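Everything on this sheet refers to the single structure shown next.
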Amino acid sequence: MEWLTTSTILDGLMAYENDDAWSRLDARFREPVVRFARRAGLAPPEAEDLAQEVLLAFAESYRRGEYDRQRGRLSSWLFGIAYNHVRRHRQKAARADARREPGQMQTHFFDQVPDEREAESAWERDWESALWTECLARIRIEFEPQTVAAFELSLRGERKPADVARDLGLPVKAVYNARHRVLKRLRELRSEFEDML
311 MEWLTTSTIL DGLMAYENDD AWSRLDARFR EPVVRFARRA GLAPPEAEDL AQEVLLAFAE
371 SYRRGEYDRQ RGRLSSWLFG IAYNHVRRHR QKAARADARR EPGQMQTHFF DQVPDEREAE
431 SAWERDWESA LWTECLARIR IEFEPQTVAA FELSLRGERK PADVARDLGL PVKAVYNARH
491 RVLKRLRELR SEFEDML
């Protein structure tokens, strides 16, 4: 799948029959929604189902023109949709528990609905993680494996460039060049990825 900006994916969503746009939306945004739902206490299958519902609601709202970039980032808007879906899911579960055990309204419901500020903070962490994961995946496609290895070993392991160069059989300058080129491209990709976020 070729790399597309978020704006391009969203433009594609306007055509209901555009399966490619839906697939790309799902690939780009599902993981943070699933993580958020899991953190709110949903089982893996429930979290996957909820993510599908959230992405569908997101696409429908976007098609109706409800997203206004002037009012905030796209990721924050998606968070609001996800948070409301999780809250409704937890409310339904609490009512179902109460029907099974009449007179014993479960107080744990409120413990499992995340505080909105805490939930938003967790969402932002998951969002950043998903963003960097996607950018790094693209880096692995665009650069030679040895360049990626030089970048990762010199930054992730906090190893000295001379040690990395020795381990990879490269000149030290090649390690510095790899770091510079990959970091520059990562910044570009992040900017492209977040062009509307």
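For what it's worth, the numbering used here labels the leading residue of the sequence shown as 311, then goes sequentially. Every residue gets a Cβ at the ideal spot worked out from N, C-alpha and C, and that includes glycine. Just so we're clear, the structure is a prediction, and the values are computed from it rather than from any experiment.
Where do the ends of the alpha helix (DSSP H) carrying residue 440 lie?
Counted from its first residue, the sequence shown places residue 440 at position 130. From DSSP, the alpha helix (DSSP H) with residue 440 extends over 426-452.
Count the other CB atoms within 10 Å of the CB of residue 400; is the residue buried (16 or more) or exposed (fewer)?
For this step, residue 400 is matched to residue 90 along the sequence shown. The C-beta of residue 400 has 16 or more other C-beta atoms within 10 Å across all chains shown, which makes the residue buried.
Can the beta-carbon of residue 355 be found less than 8 Å from the beta-carbon of residue 348?
Along the sequence shown, read from residue 1 onward, the residue named residue 355 stands at position 45. Along the sequence shown, read from residue 1 onward, the residue named residue 348 stands at position 38. Result no, Cβ atoms of residue 355 and residue 348 do not sit closer than 8 Å.
Helix, strand or coil, according to DSSP, for residue 378 in the structure here?
One-based indexing of the sequence shown puts residue 378 at position 68. Of the three classes helix, strand and coil, the one that applies to residue 378 here is coil, per DSSP.
Nearest-angstrom Cα separation, counted from residue 404 out to residue 463
Taking the first residue of the sequence shown as 1, we reach residue 463 at position 153. Taking the first residue of the sequence shown as 1, we reach residue 404 at position 94. Linking residue 463 to residue 404 through their CA atoms gives a straight-line distance of about 48 Å.
So, at 7 Å on beta carbons, what are the nonlocal neighbours of residue 440 in its own chain, with the 5 sequence-adjacent residues on each side left out?
Within the sequence shown, the letter at position 130 stands for residue 440. So the qualifying residues of the chain are 341, 342.
I'd like to know whether the C-beta atoms of residue 433 and residue 346 end up nearer to each other than 8 Å.
Along the sequence shown, read from residue 1 onward, the residue named residue 433 stands at position 123. Along the sequence shown, read from residue 1 onward, the residue named residue 346 stands at position 36. The beta carbons of residue 433 and residue 346 sit closer together than 8 Å.
Report buried or exposed for residue 326, applying the criterion of at least 16 other Cβ atoms within 10 angstroms of its Cβ.
Against the sequence shown, residue 326 aligns to sequence position 16. Exposed is the call here.
Burial state of residue 385 (16 or more Cβ within 10 Å):
Indexing the sequence shown from 1 puts residue 385 at position 75. Residue 385 is buried by the Cβ-count criterion.
Reduced DSSP secondary structure (H/G/I, E/B, other) of residue 406
Counted from its first residue, the sequence shown places residue 406 at position 96. Residue 406: helix per DSSP, three-state reduction.
Need the endpoints of the alpha helix (DSSP H) that residue 322 sits in, please.
Within the sequence shown, the letter at position 12 stands for residue 322. Start and end: 316-323.
How big is the Cα-Cα spacing for residue 475 and residue 452?
Taking the sequence shown and counting its residues from 1, the one referred to as residue 475 is at position 165. Taking the sequence shown and counting its residues from 1, the one referred to as residue 452 is at position 142. Cα-Cα distance, rounded: 21 Å.
Contact check, residue 460 vs residue 484, beta carbons under 8 Å:
Start at 1 with the first residue of the sequence shown, and residue 460 comes out as number 150. Start at 1 with the first residue of the sequence shown, and residue 484 comes out as number 174. Yes, these two residues count as a Cβ contact at 8 Å.
Taking only three categories from DSSP, how would you classify residue 350?
The residue labelled residue 350 in the question sits at position 40 within the sequence shown. In this structure, residue 350 counts as coil in the three-state DSSP scheme.
Based on Cα-Cα distance, which residue from 320, 480, 380 lies nearest to residue 368?
Counted from its first residue, the sequence shown places residue 368 at position 58. Among 320, 480, 380, the Cα nearest to that of residue 368 is on 320.
What number of angstroms, rounded off, separates the C-alpha of residue 500 from the C-alpha of residue 489?
Counted from its first residue, the sequence shown places residue 500 at position 190. Counted from its first residue, the sequence shown places residue 489 at position 179. Between residue 500 and residue 489, the C-alpha separation is close to 16 Å.
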